[in-house]
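Here the numbering used here runs 1247 ahead of the position in the sequence shown, where the first position is 1. All remarks here apply to the structure that follows.
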Amino acid sequence: MTAEWYVLIEEDTRTTERADGVELRLHRWMLVGTHHIGQDEAEAVAAAEDAALNYLPGVLARHARPGDVPARHAFLAQDGAWVVLLRQRHRACHIRVSVAQLVHSQEEKEAPPKTLKEKFRSAVEGPPPPLILKPWTPPKQRAQD
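See the structure below:
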């Protein structure tokens, strides 16, 4: 498999919930963009820097007027990821831009549809017992089980 490089953009989405008279500001990172760059890692690093310096998150873009330019503070972390603080009027948000290499990809597989006989059997017998999935364990621990 050849090296395929991507630029990943995450936004810090904040929601405000009220519980028992207390206002809770909940933050959650959400992946909003995966941009395929190609096989050149240096090109991906340059594209990530460009995204960190120019990308405008949806929360600011929705409320921006023509000609608005938000305040931007871009930090380059030791791992190569960019963390960017953006402020415009009374709104502030964060984005994280990173470079990633695609190392595994698998397409979705669906089970075959039930036959008419299986549908009748499940209607008479009731639903099957729930499928209990084992949680993931490291390969060394699986070998011991």
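By construction, the Cβ of each residue, glycine as well, lies at the ideal position given by its N, Cα and C atoms. The model shown is predicted, which means the values in this text are computed figures rather than measured ones.
Beta-bridge pairing of residue i - partner residues as DSSP gives them
{"i": "Phe1367", "result": "Answer by DSSP bridge pairing: none, since Phe1367 is not bridged."}
{"i": "Thr1189", "result": "A question about residue 1189 goes unanswered here, because the residues of the chain that appear run from 1248 up to 1392."}
{"i": "Val1331", "result": "Ala1321 and Ile1342"}
Under 8 Å between C-beta atoms of residue i and residue j
{"i": "Ala1299", "j": "Ala1321", "result": "yes"}
{"i": "Arg1338", "j": "Ala1318", "result": "no"}
{"i": "Asp1259", "j": "His1274", "result": "yes"}
{"i": "Ala1295", "j": "Ser1369", "result": "no"}
Endpoints, beta strand (DSSP E) assigned at residue i
{"i": "Asp1259", "result": "Glu1251 to Ala1266"}
{"i": "Glu1354", "result": "Counting along the chain, Glu1354 falls outside any beta strand (DSSP E), and DSSP gives it neither H nor E."}
{"i": "Leu1273", "result": "Val1269 to Gly1285"}
Neighbour-count burial assignment, residue i, 16 or more Cβ in a 10 Å radius
{"i": "Ser1352", "result": "exposed"}
{"i": "Trp1383", "result": "exposed"}
CB contact check: residue i to chain D, cutoff 8 Å
{"i": "Ala1266", "result": "No chain D is present in this structure, which holds just one protein chain."}
Start and end residues, alpha helix (DSSP H) containing residue i
{"i": "Val1292", "result": "Glu1288 to Asn1301"}
{"i": "Gly1305", "result": "Gly1305 to Ala1308"}
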